[in-house]
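To start, the structure itself, in structure tokens.
There are 2 protein chains.
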Amino acid sequence: MALIVQKYGGTSVGTLERIENVAEKLIGWRERGHQMVVVVSAMSGETDRLIGLAKGITPRPNPRELDVLLATGEQVTIALLCIALEKRGCPARSYTGSQVRILTDNAFNKARIQAIEAAAMQADLDAGRIVVVAGFQGVDEDGNITTLGRGGSDTTGVALAAALKADECQIYTDVDGVYTTDPRVVSEARRLDRITFEEMLEMASAGSKVLQIRSVEFAGKHNVPLRVLSTFQEGQGTLITFEEALEAEQMEKALISGIAFNRDEAKLTILGVPDRPGIAYSILGPVADANIEVDMIIQNIGRDGTTDFTFTVHRNDYERALDILRDQASRLGAREVAGDNKIAKISLVGIGMRSHAGVASKMFQVLAKESINIRMISTSEIKISVVVDEKYLELGVRALHEAFELDKAA
Amino acid sequence: MALIVQKYGGTSVGTLERIENVAEKLIGWRERGHQMVVVVSAMSGETDRLIGLAKGITPRPNPRELDVLLATGEQVTIALLCIALEKRGCPARSYTGSQVRILTDNAFNKARIQAIEAAAMQADLDAGRIVVVAGFQGVDEDGNITTLGRGGSDTTGVALAAALKADECQIYTDVDGVYTTDPRVVSEARRLDRITFEEMLEMASAGSKVLQIRSVEFAGKHNVPLRVLSTFQEGQGTLITFEEALEAEQMEKALISGIAFNRDEAKLTILGVPDRPGIAYSILGPVADANIEVDMIIQNIGRDGTTDFTFTVHRNDYERALDILRDQASRLGAREVAGDNKIAKISLVGIGMRSHAGVASKMFQVLAKESINIRMISTSEIKISVVVDEKYLELGVRALHEAFELDKAA
Chain A
11 MALIVQKYGG TSVGTLERIE NVAEKLIGWR ERGHQMVVVV SAMSGETDRL IGLAKGITPR
71 PNPRELDVLL ATGEQVTIAL LCIALEKRGC PARSYTGSQV RILTDNAFNK ARIQAIEAAA
131 MQADLDAGRI VVVAGFQGVD EDGNITTLGR GGSDTTGVAL AAALKADECQ IYTDVDGVYT
191 TDPRVVSEAR RLDRITFEEM LEMASAGSKV LQIRSVEFAG KHNVPLRVLS TFQEGQGTLI
251 TFEEALEAEQ MEKALISGIA FNRDEAKLTI LGVPDRPGIA YSILGPVADA NIEVDMIIQN
311 IGRDGTTDFT FTVHRNDYER ALDILRDQAS RLGAREVAGD NKIAKISLVG IGMRSHAGVA
371 SKMFQVLAKE SINIRMISTS EIKISVVVDE KYLELGVRAL HEAFELDKAA
Chain B
11 MALIVQKYGG TSVGTLERIE NVAEKLIGWR ERGHQMVVVV SAMSGETDRL IGLAKGITPR
71 PNPRELDVLL ATGEQVTIAL LCIALEKRGC PARSYTGSQV RILTDNAFNK ARIQAIEAAA
131 MQADLDAGRI VVVAGFQGVD EDGNITTLGR GGSDTTGVAL AAALKADECQ IYTDVDGVYT
191 TDPRVVSEAR RLDRITFEEM LEMASAGSKV LQIRSVEFAG KHNVPLRVLS TFQEGQGTLI
251 TFEEALEAEQ MEKALISGIA FNRDEAKLTI LGVPDRPGIA YSILGPVADA NIEVDMIIQN
311 IGRDGTTDFT FTVHRNDYER ALDILRDQAS RLGAREVAGD NKIAKISLVG IGMRSHAGVA
371 SKMFQVLAKE SINIRMISTS EIKISVVVDE KYLELGVRAL HEAFELDKAA
């Protein structure tokens, strides 16, 4: 008997029929003797519908109230799934984030989980019930409803698995695993049987939508085996595992495991800012205070006592960041502020990179051959990212996928 | 400066535009120096949509989970209203039933309020915020979400007014007050400026949809002045007040204040049941245990040691009640069980009845003249109700409205 946490995304619970299918699946697992905890997202389209209502009133809804609004989406799904389970004679109990007590900080719209009370859920499991938890939401210590930000249901699943010491956390979605890159862009993309946490983390942070980065971090940190599977197809999916486990199985390490990309970012530059200590903090401090996450950061070598400073943020935060930057520019005596939200980021990811040089130069060569201009570069131990004009995204990804022979099994 | 609780029903918040209108009204009240608490229902159609989802899975959804589902309707409205208030620079804070802590019993789908924690709301009011509360919902002592049953938002409004010792509780709806009867059935129906709590209670219990009976009870018991007004029209509406207040104003008491009716009931009869002490309890005990409310009860005089026993329940509970009754019938050795859900109840209400005889006989005479057969009769000090075949409902109400001259001001 294992304790399994499963998470079903919005598409997997997108209709009543699909919710009933999930109920059937869960009952199957339970009948095979497993204790089941299931985390569900809002029915597909529901979160967008709710955001549409809020945006129908104002483009910048009050963050606390937006979370009160959005949290209803998952609450509908947990109720419907429990109704479907109970109809089949299977005892079940739904929990909102507040009811579990998924305690978060109070950063509305992008809260972080701080603690989970597992006792009530464990008692339900021991009493033979299936526990159904609303993903994506929590509660701060003042009792305010919070949400974890888009995709936060994955994090809820992993955090519950960690809190309950589950044997596996299974993320059910509309794709059957993690691919070398998005198959909608490269038809030769190949499903990976396994990938390391480190790589998955880089893939997620670089734009792979399969798993939310925080859920991967959380799983890696708490040693929760994580598996991505399809709700609609049979299969083993992709297991996210530890490097040692991979090596133990004598798998040959590929140079590159995958190519991630995203068009969710925007680039901001402050030009001609006085080049003195603390300048980075003066620029980015107010951005961080506004709860805007910064991804890539580049500072050019100073000239004439001034320097240029470029960074990227999520496109949703672009205008807010631009406002803040303009404000800072006049305060710091900078020359100019420029921005561009028609950019895309392409990243190569692979633990094989560690022991092989030359991946970066090959990447630049491939892009140069296609006449794609590189706007920004950043590297980590197992990842190289470049920013290019958005229009070159597909071309770049396809050329790199072919050049690194990702269509061929390692 | 007064503390005013306002309640807006589903039609009043049925669109984003209407929600913004409510926000404007509230800001107007606040600018005139009042402390404002507002209770809102789900946007019109939303509760039905949610019930439709549940019923799409099973005709008898698990009651606990149904409440989890339905509670999302009001949660959406509180968030949107606060977003509209905050957009206008008006500080506001939303509360779900759990967040206020509107403590109820655990009778899912028809819970009763036991206590309300007023401290947090009072602190918000004192800080200048408008407090926006989800109607219709509460939380039991185990933290389960409960709902008060359809129309429960009125009760929430009155209970909050009582807990906060508000100066007035205003119920905004799509009609501009309490009428002598439903104007859709009798075009000559007249709006009442005032009505006593006693009469309003009888009107509500007899089927007037303007106010939910429990809200009127609650208001009467806690001395909360209650006013029904239209969201869409200016006007003073109808004040529900105490008999002494009416008398103090030297208003002439009308014989009859109004005619209520409903087609929400169904009639059940158990025939040939042994006529012995405790038989009523044997029949109705299991019905009450199933949380089915019984309205009228009639027991015929026994014959041959057996008796017939008839009662009415809400139509929604008809099938469940019939099942229970059939079960009891075989257990008690009764001859037969009969049921009819094509009935309607017509009630005359008026405190003037107390001092005047002959209202009942005049009512029977009017119905007889129209050849309407009376199936059941029940009377209270200020009300006479009859059950007739549903098809005679409009005819009966119109004839009575005219005969008792309700179109003419008292």
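So the protein sequences, as listed, match chains A and B.
First residue of the first sequence: 11, per our numbering; consecutive thereafter.
First residue of the second sequence: 11, per our numbering; consecutive thereafter.
We put the beta carbon where it would ideally sit given N, CA and C, even for glycine.
Pick from A:151, A:80, A:99, A:195: whose alpha carbon is nearest that of residue 113 (chain A)? A:151
In whole angstroms, give me the CA-to-CA distance for residue 69 (chain A) and residue 61 (chain A). Going from the Cα of residue 69 (chain A) to the Cα of residue 61 (chain A) covers about 10 Å.
Whose Cβ in chain A lies nearer than 9 Å to the Cβ of residue 82 (chain B)? 81, 82, 83, 85, 86, 89
Take the Cβ of residue 311 (chain A) as the centre, count every other Cβ of all protein chains shown within 10 Å, and call the residue buried at 16 or more, exposed below. exposed
Do the stretch 213–220 of chain B and the stretch 369–376 of chain B touch if we need at least three Cβ pairs shorter than 8 Å? no
Quick one: grab the DSSP three-state call for residue 346 (chain A). strand
Should residue 366 (chain B) be labelled buried (16 or more other beta-carbon atoms within 10 Å of its own) or exposed? Classification for residue 366 (chain B): exposed.
Residues that residue 92 (chain A) contacts on chain B, provided the C-beta gap is smaller than 7 Å: 72, 75
Starting from residue 271 (chain A), trace the alpha helix (DSSP H) both ways and give me its first and last residue. No alpha helix (DSSP H) contains residue 271 (chain A), which is instead part of the beta strand (DSSP E) from 268–272.
Residues near residue 346 (chain B) in its chain [Cβ-Cβ closer than 6 Å; skip 5 each side]: 281
Note down, in chain order, every chain B residue with its Cβ under 7 Å from the Cβ of residue 68 (chain A). Neighbours of residue 68 (chain A) on chain B, chain order: 93, 97.
DSSP three-state assignment for residue 219 (chain A), whether helix, strand or coil: coil
Determine the direct distance from the alpha carbon of residue 253 (chain B) to that of residue 260 (chain B), and round the result to whole angstroms. The predicted model places residue 260 (chain B) with a pLDDT of 46, which falls under 50 and marks its position as unreliable, so this point remains unresolved.
Residue 63 (chain B) at chain A interface by Cβ criterion, 9 Å: yes
Can you look up residue 102 (chain B) in the DSSP assignment and give me helix, strand or coil? strand
Measuring only between beta-carbons, confirm whether residue 109 (chain A) sits less than 9 Å from chain B. Interface with chain B (9 Å Cβ-Cβ cutoff): residue 109 (chain A) is included.
Rounding to the nearest angstrom, what Cα-Cα distance links residue 167 (chain B) and residue 17 (chain B) in this structure? 6 Å
Same chain, Cβ closer than 7 Å to residue 327 (chain A), neighbours up to 5 away in sequence not counted: 302
Starting from residue 380 (chain A) and walking both ways along the beta strand (DSSP E), at which residues does that stretch end? Run containing residue 380 (chain A): none; DSSP gives neither H nor E here.
Would you report the Cα separation of residue 290 (chain A) and residue 319 (chain A), rounded to the nearest angstrom? 8 Å
Mind checking which residues open and close the beta strand (DSSP E) that includes residue 393 (chain A)? Run containing residue 393 (chain A): 393–399, per the beta strand (DSSP E) assignment.
For residue 24 (chain A), name the three-state secondary structure that DSSP assigns. coil
C-alpha gap between residue 94 (chain B) and residue 46 (chain B), whole angstroms: 15 Å
Is it true that the CB of residue 304 (chain B) sits closer than 9 Å to the CB of residue 294 (chain B)? Going by beta carbons, residue 294 (chain B) and residue 304 (chain B) fall inside the 9 Å limit.
Contained alpha helix (DSSP H) runs [length at least 4] in the stretch 179–215 of chain A, N- to C-terminal order: 207–215
May I have a chain-ordered list of the beta strand (DSSP E) segments no shorter than 3 residues that lie completely inside the stretch 290–362 of chain A? 304–309, 316–324, 346–350, 353–359
Taking contact to mean at least 3 C-beta pairs separated by less than 8 Å, is the stretch 176–183 of chain B in contact with the stretch 234–246 of chain B? Judged by Cβ distances under 8 Å, the stretch 176–183 of chain B makes contact with the stretch 234–246 of chain B, as three or more pairs qualify.
Can you look up residue 89 (chain B) in the DSSP assignment and give me helix, strand or coil? Helix at residue 89 (chain B).
Among B:299, B:176, B:398, B:73, which one has its Cα closest to the Cα of residue 89 (chain A)? B:73
If distances are taken between C-alpha atoms only, which option among B:335, B:298, B:53 comes closest to residue 163 (chain B)? B:53
Using the three-state DSSP reduction, which class does residue 421 (chain B) fall into: helix, strand or coil? This structure does not reach residue 421 (chain B), given that chain B is present from 11 up to 420, and the question cannot be answered.
Identify the continuous alpha helix (DSSP H) that holds residue 131 (chain B) and give its terminal residues. 129–136
So residue 406 (chain B) and residue 267 (chain B) are in contact, right, with Cβ under 8 Å, and what is the actual spacing, rounded? Residue 406 (chain B) to residue 267 (chain B), Cβ: 18 Å. No contact.
Going by DSSP, name the residue or residues bridged to residue 78 (chain B). According to DSSP, which records beta bridges pairwise, residue 78 (chain B) is partnered with nothing at all.
9 Å Cβ cutoff met for residue 249 (chain B) and residue 15 (chain B): No, Cβ-Cβ distance for residue 249 (chain B) and residue 15 (chain B) is not below 9 Å.
Using the rule of at least 16 other Cβ atoms within 10 Å of the residue's Cβ for burial, across every protein chain shown, is residue 131 (chain A) buried or exposed? buried
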